Structure formats: structure tokens, C-alpha cells
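Per mature numbering (1 follows the signal peptide of the UniProt record, and there is no 0): the sequence shown = residues -17 to -1, 1 to 431. Heads up, the beta-carbon is just placed ideally off N, CA and C, and yes, glycines get one too. All figures in this text were calculated on a predicted structure; none of them were measured in a lab.
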Amino acid sequence: MFRACIGPLSIFWPVLLSSMGARLSVSEWALLISESEFQGRRLEAKPHYLYYYQMGGNNAGHTVVVDSVEYDFHLLPSGIINPKVTAFIGNGVVIHLPGLFEEAEKNMRKGLVGWDKRLIISDRAHIVFDFHQAVDGVQEQQRQEQAGKNLGTTKKGIGPVYSAKAARSGLRICDLMSDFTQFSERFKVLASQYQSMYPTLEIDIDGELCKLKDYVEKLKHMVKDGVFYMYEALHGPPKKILVEGANAALLDIDFGTYPFVTSSNCTVGGVCTGLGMPPQNVGEVYGVVKAYTTRVGIGAFPSEQFNDVGELLQTRGKEVGVTTGRKRRCGWLDLVLIKYAHMINGFTALALTKLDILDVLPEIKVGVSYSVDGENIPNFPANQEVLQSVEVQYATLPGWNSDTSAIRTFDELPENAQKYVRYIEEHLGVPVKWIGVGKSRESMIQIF
């Protein structure tokens, strides 16, 4: 199974795989940001599940609420919160090792147990070094000085490390776990390359190498040949595999709102390249989308509301980025964006989260088409200047003005809330399988 996020707007795409039999489910965030609170993850992460993370790094963040406790995940696959789940970080992920262990320690203080015995890391995953993060900050500063604007990166080193990967100068987990002397030499060469490009960059080479050497022992039992591990998982005893995407579909490096995107493929194609598995093993693809649209940072956002509605959605939805702490920009649900994400990912079904945030609105608008200079455009624009200039045509639906947070079945929802969900389904041609009406696992309505 694969779950996908729709955001840069937020769409999350999980994929469900099963083994030998195993087909994989994918969860995709559908729009512009990662859906920060997706209870469906908890519904899918059942015993005998394998839970996989295939792209991105600790630039993304997800909040999972279990028994009223909030856990924040960035690099760890969030399904690891279930003690019966084995989690796998794939080769497409870029790993900042201090960040990984700090994240684990923070969640252990909240109740996470046995994570280190249930985490597998691909030996082909690239490593984010501290100097990658420093370079990220320098590049953002240069963009601001030279062009008067930046990309709004998280400064977690994601762009620089993927650049090094493409330039074939990056270092991987397998390099760290092999001959440390050779690793150290390559590390020094890479560091000197960055210092030649950025003369003011200070790198504590000996200090960072010392820290990295300490991780070798900690990682020894976690690191495996990722391709062989995936093959065995898919061809072994039947089990379900859920793949979690880090970022939203519209943050994809190829299909997102470029250049205001992340540095990896966070659409469904990234599952095969980020895990090392054949496409025929991809099964269900779930798009996760909020009942309204959000975005962190700069970039085009056609349905953004610069008014009381935007403020209400931000406040009621507690829309603050898990990684950056920045307030999210908020607007009406944009079905043009979701349809575009569906074209790329082929969603089997949707998880519609945070419906309860709309409970107090007397009427609700939904973006259904775009126009430029008075003419409708049939597709989602690739060019940012065009996307910035589109005018959104809205359908206006009646609100329901009642609390849905305690509702647990679709039939119990107010009539207008049901109509809102059905309108989305009819416009997209994709069924809604789950509806979120709160933060807890129990607040997820399953329709079928």
C-alpha cells in the first residue's frame, strides 16, 4: 500500500505492497505539505506490517497522536510507533545521523519502545553531513542577496546532499560501514570541494569524523542490503507493506511547483527507485488530503485566503510546520491540484483529514477550475509565473455548523458534511475511504 500526500500543498501517498503475494500500499500526501496528522497511518500500521520510508530526509515532519500523546517523526517511519511493526528506511532517503538518533530519543521519552531492534536502514542511503546543512543556509542567504528572495528551505541540507548524489560525489551508509580510513579520505575531499565553493564555510573535519565513527557501532545491526531485503520481504511469507512518502506530491522535484519544491521524487514513482523494487508490486495508492489546503513557505498557492477564513483555518487547524515551526498558509480546498496529483499517482482512494476544522463555517468554497485573462485553462500550469496569475473558480457549498469531532460513522455526519465529501468524490472520480474528524486514531471514520 502506498500513501501519498497531495500538498505542497498537501497530498500524502502511501502505497500498499504485499509479499509474494506481497503487494505494497502507498500513502501519498496529495498537495503542498505533508499532512501532519494522518490517523490513517495508525489504521494501516497493524501487526505483521512492514512500514517503509522511501524518499526525502528530516526536512519533512509528521505528527502522530497515540493515546493523547503526540509523537513527531522526520526520518523514522511513523509506523514504528507500533511495537509489532518493522520499519525500513530506503535508499532514496538521505539520512542525517545525529538527527535520526535525536528524533528517536525524543520519541522514546514519550513512550516509543524497541525502535532500534525494529529499524532496518538501506546500505545505499546517502548521508547528510553537518556541512551540507551549513551549505544549505549559505545558499539561501545567497539567493536572498542576489535575487531578493529565497526558496524557503528548511536548511536541513537536503538540496546539497541530493546535489552531491547527482554529481556522484556523495557518501552512503555502506561507505561509512566499510573501511573507515577510505571513508575519511572521501569525506575530506568532499568537504574541501565545498570549502572551495564557499570560502567562508567552516568545517570541523576531525570533529565530524569522530562523531561519525561513533555511529558505526550503533548502526551495525540496523544496516542491510536494501535491495535484497526488499526482495525477501516481497517474496517471503505473506505480509502487508505500507510505504510512507515524506513530502507532498506538489513538492516533487519533477511534478511539483518548481522551483519551490523539495529535491526528490515524492510521487508514486519514487517508491520503486527509493526502495529498489519492481512496479508490479505496487498495490493500493492512497492520497491523503486535508479538507482545506495548506502550504509552508513561499511558492504559488492559488486558493490561499488572505482574510478571516485563512486565519480561522490556520488557528483552528493548528497549522504550524512540525520541522520549521513556521505557520502554514491556508486556503480553500483546490480540486484542480488534487486532480493533477491523481493524474500522476493514480489514487485508489483518498483519506480526507481535518473535516472537523470546517465545522464552524456557514459556507465552504471549493476550487474547481483555473482561468488566466478570463480564459479557462484545462490543465495545471508548469510555469510558476502563470500559476501565480491564475484566478480560481469556486463552487460554494453550504456548511453544517455542528460539531463532528465525536462522530464515528459516515451516516452520522451532518447532511451537508456528507454532501461536501460526495462532491469531492464526484469531481475527482476517486472514492474517499477515510475521513478524519480529530487528531486521535479513534477520530478516523472508515467508509469502506
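Q. Ends of the beta strand (DSSP E) at residue 495?
A. Because the chain in this structure spans residues -17 to 431, residue 495 falls outside the shown range and cannot be described.
(Q) Judging by CA-CA distance, which residue of 104, 33, 313 is the nearest neighbour of residue 220? (A) Here residue 220 corresponds to residue number 237 of the sequence shown, with the count starting at 1. For residue 220, the nearest C-alpha among the options comes from 33.
Q. By Cβ distance below 8 Å, which residues in the same chain neighbour residue 281 in space, the five residues on each side in sequence not counted?
A. As a first step, residue 281 is located in the sequence shown; it is residue number 298 there, counting from the start. Scanning its chain for C-beta atoms nearer than 8 Å, with the 5 sequence neighbours on each side dropped, one finds around residue 281 the residues 132, 133, 134, 135, 243, in chain order.
Q | From 297, 86, 319, 301, residue whose alpha carbon lies closest to that of residue 312 | A | The residue you call residue 312 lines up with position 329 of the sequence shown. The option with the nearest alpha carbon to residue 312 is 297.
Q) Taking residue 161 as the reference, which of 258, 295, 206 has the closest Cα? A) Residue 161 sits at position 178 when you count from the first residue of the sequence shown. For the residues 258, 295, 206, the minimum Cα distance to residue 161 belongs to 206.
Q) With a Cβ-Cβ cutoff of 8 Å, do residue 436 and residue 250 count as a contact? A) For the chain, the structure presents residues -17 to 431; residue 436 sits outside this window and is missing.
Q) According to DSSP, what are the bridge partners of residue 298? A) Residue 298 sits at position 315 when you count from the first residue of the sequence shown. As DSSP reads the structure, residue 298 sits in no beta bridge.
(Q) Let's test the definition: count the other Cβ atoms within 10 Å of the Cβ of residue 231 and tell me whether it reaches 16, buried, or not, exposed. (A) Along the sequence shown, one-based indexing puts residue 231 at 248. Looking at its Cβ environment, which holds 16 or more other Cβ atoms inside 10 Å, residue 231 is buried.
Q) How is the beta strand (DSSP E) around residue 224 delimited, first residue to last? A) By one-based count along the sequence shown, residue 224 stands at place 241. 223 to 227 is the extent of the beta strand (DSSP E) around residue 224.
Q: Compute the distance between the beta-carbons of residue 142 and residue 119, then report whether it is under 8 Å.
A: Within the sequence shown, the letter at position 159 stands for residue 142. Within the sequence shown, the letter at position 136 stands for residue 119. A contact, by the Cβ cut-off of 8 Å.
Q. In chain order, what residues of the same chain have a beta carbon less than 7 Å from the beta carbon of residue 410, not counting five sequence neighbours either side?
A. Against the sequence shown, residue 410 aligns to sequence position 427. Contacts found: 318, 351.
Q: Measuring alpha carbon to alpha carbon, tell me which of 425, 355, 357, 332 ends up nearest residue 404.
A: To locate residue 404, count along the sequence shown from 1; it is residue 421. Of the candidates 425, 355, 357, 332, the one whose C-alpha sits nearest the C-alpha of residue 404 is 332.
Q: Give the single residue among 182, 200, 115 whose Cα lies nearest to the Cα of residue 163.
A: Working through the sequence shown from its first residue, we reach residue 163 at position 180. If we check each option's Cα against that of residue 163, 200 comes out closest.
Q: Using three-state DSSP, classify residue 386 as helix, strand or coil.
A: Looking up residue 386 in the sequence shown gives position 403. If DSSP states are grouped into helix, strand and coil, residue 386 belongs with coil.
**Q.** Alpha-carbon spacing of residue 102 relative to residue 129, whole angstroms
**A.** Counting from one through the sequence shown, the residue named residue 102 turns up at place 119. Counting from one through the sequence shown, the residue named residue 129 turns up at place 146. If you take the alpha carbons of residue 102 and residue 129, they lie about 43 Å apart.
Q) What is the DSSP secondary structure of residue 417, reduced to helix, strand or coil? A) Counting from 1 along the sequence shown, the entry for residue 417 is found at position 434. Strand.
Q.
Which residue marks the beginning of the beta strand (DSSP E) containing residue 55, and which one marks its end?
A. In the sequence shown, the residue the question calls residue 55 occupies position 72. 52 to 56 is the span of the beta strand (DSSP E), which, as asked, contains residue 55.
Q: Evaluate contact between the stretch 33 to 49 and the stretch 225 to 239, counting only Cβ atoms and requiring at least three cross-stretch pairs below 8 Å.
A: yes
Q: Tell me where the beta strand (DSSP E) around residue 273 begins and ends.
A: Position 290 of the sequence shown, counted from the start, is the residue given in the question as residue 273. Per DSSP, residue 273 belongs to the beta strand (DSSP E) from 265 to 273.
Q: Going by DSSP, name the residue or residues bridged to residue 152.
A: Translated into positions along the sequence shown, residue 152 becomes position 169. Partner(s): none; residue 152 has no beta bridge.
(Q) Rounded to the nearest angstrom, what separates residue 388 and residue 223 at their Cα positions? (A) Reading the sequence shown from its first residue, position 405 is the one you call residue 388. Reading the sequence shown from its first residue, position 240 is the one you call residue 223. If you take the alpha carbons of residue 388 and residue 223, they lie about 30 Å apart.
(Q) Report the start-end ranges of each alpha helix (DSSP H) in the stretch 308 to 382 that is 4 residues or longer and not cut off at the edges. (A) 318 to 328, 367 to 372
Q.
For the pair the stretch 336 to 345 and the stretch 379 to 398, tell me if three or more CB-CB distances fall below 8 Å.
A. yes
Q) Excluding sequence positions up to five away, which residues of its chain have a Cβ less than 6 Å from the Cβ of residue 364? A) Within the sequence shown, residue 364 is the residue found at index 381, counting from 1. Hits under 6 Å: 370.
Q. By a C-beta neighbour count over all protein chains shown, 10 Å radius and 16 as the cutoff for buried, is residue 196 buried or exposed?
A. The sequence position of residue 196 within the sequence shown is 213, counting from 1. Exposed.
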